[in-house]
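Written out below as structure tokens is the structure these notes cover.
In the working numbering, the protein residues as written are 518 to 747.
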């Protein structure tokens with residue numbers, strides 16, 4: 518499959534690679550080290566520009582709007598069959614680090630990695646869903662978040678802000694925590710019920726105060742800060 522890229526997100530792991538010292542050995546902290554000469558970008562979204570031999574119209578058609586899941590596995594092991602290609606027993610290709618990614622005009626991917634993009638969603642939204650928003654959704658599903666529950670979300674970067682929006686739609690009360698005032702402001706604009714600056718005092722005590730001593734039913738850490746998990 519050849520995709521014409523319409524939007525390609527910049528993930529935190531991309532930034533770790535860009536900001537790493539030149540010729541740094543091994544894995545870059547916070548992300549997968551990109552191989553030399555590989556085009557970055559693992560949050561691609563675009564339009565099918567060409568299909569390979571054997572690809573049926575049911576699988577993909579030229580002009581179709583799609584997102585791309587950036588992990589490609591063997592397709593036959595137990596993890597791939599369950600949809601967890603990033604855990605493939607035979608190894609994975611990660612687009613943007615081990616295989617060419619979406620920071621280019623075109624991108625070559627297997628048809629099995631495509632996810633249809635509804636017309637109601639923009640390409641920019643699709644790029645966000647391809648990684649960051651999808652990550653937030655998966656976490657909330659694993660938490661089995663219910664309407665009426667209170668969730669404290671630590672970190673209001675792209676994943677945390679996505680979790681804030683999704684949790685609100687799921688009917689939860691959201692307490693958003695971040696050290697950056699601009700992130701707290703965004704969380705409020707997105708509908709968070711309360712925001713907390715962790716530098717202003719004891720976060721746990723603040724959450725208990727906001728919930729009349731009950732505390733949060735669920736917590737989600739999207740900050741990668743050890744203090745948030747202490």
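Note that beta-carbon positions come from the ideal geometry of N, C-alpha and C, so glycine has one too. Keep in mind the model is a prediction, meaning the values are calculated, not measured.
Count the C-beta pairs between the stretch 566 to 575 and the stretch 587 to 598 that are closer than 8 Å, then say yes if the count reaches three, no if not.
no
Is it right to say residue 695 is buried, meaning 16 or more other beta carbons lie within 10 angstroms of its own, or is it exposed?
With 16 or more Cβ atoms within 10 Å of its Cβ, residue 695 is classed as buried.
Check whether the Cβ atoms of residue 641 and residue 723 lie closer than 8 Å to each other.
no
Based on Cα-Cα distance, which residue from 709, 669 and 706 lies nearest to residue 725?
669
Please report the straight-line C-alpha distance between residue 610 and residue 590, rounded to a whole angstrom.
7 Å
For residue 545, which three-state DSSP category applies?
Any reading at residue 545 needs caution, since the residue's pLDDT is 45, under 50, leaving its predicted position unreliable; the model's value is listed next. In the structure shown, residue 545 sits in coil (DSSP, three-state: anything other than H, G, I, E or B).
Look up residue 667 in the DSSP assignment and say whether it is helix, strand or coil.
strand
In whole angstroms, what is the alpha-carbon distance linking residue 682 and residue 703?
11 Å
Are the CB atoms of residue 558 and residue 613 nearer to each other than 8 Å?
yes
Which first and last residues belong to the beta strand (DSSP E) in which residue 716 is found?
Run containing residue 716: none; DSSP gives neither H nor E here.
Within 10 angstroms of its Cβ, does residue 717 collect 16 or more other Cβ (buried), or is it exposed?
Residue 717 comes out exposed.
Go through the stretch 557 to 607 residue by residue and report every complete run of the beta strand (DSSP E) that reaches 3 residues or more, in order.
561 to 567 and 582 to 585
Please return the same chain residues whose Cβ sits closer than 8 Å to the Cβ of residue 555, not counting the five positions on each side in sequence.
613, 614, 615, 616, 617 and 618
Does the Cβ-Cβ distance between residue 627 and residue 518 come in under 8 Å?
Yes. Within cutoff.
Do the CB positions of residue 644 and residue 560 come within less than 8 Å of each other?
yes
Please name the residue in 566, 721, 655 and 568 whose C-alpha comes closest to that of residue 600.
655
From residue 633 to residue 737, what distance separates their C-alpha atoms?
28 Å
Hey, out of 673, 639 and 691, whose CA is closest to residue 664's CA?
691
Can you tell me the Cβ-Cβ gap for residue 638 and residue 583, rounded? I've got them flagged as a contact below 8 Å.
Actually they are not in contact, since the Cβ atoms of residue 638 and residue 583 sit about 11 Å apart, beyond 8 Å.
Would you say residue 588 and residue 603 are within 8 Å of each other, going by their C-beta atoms?
Contact: yes.
Shortest alpha-carbon distance to residue 662 belongs to which of 631, 688 and 731?
Residue 688 is the option with its Cα nearest to residue 662.
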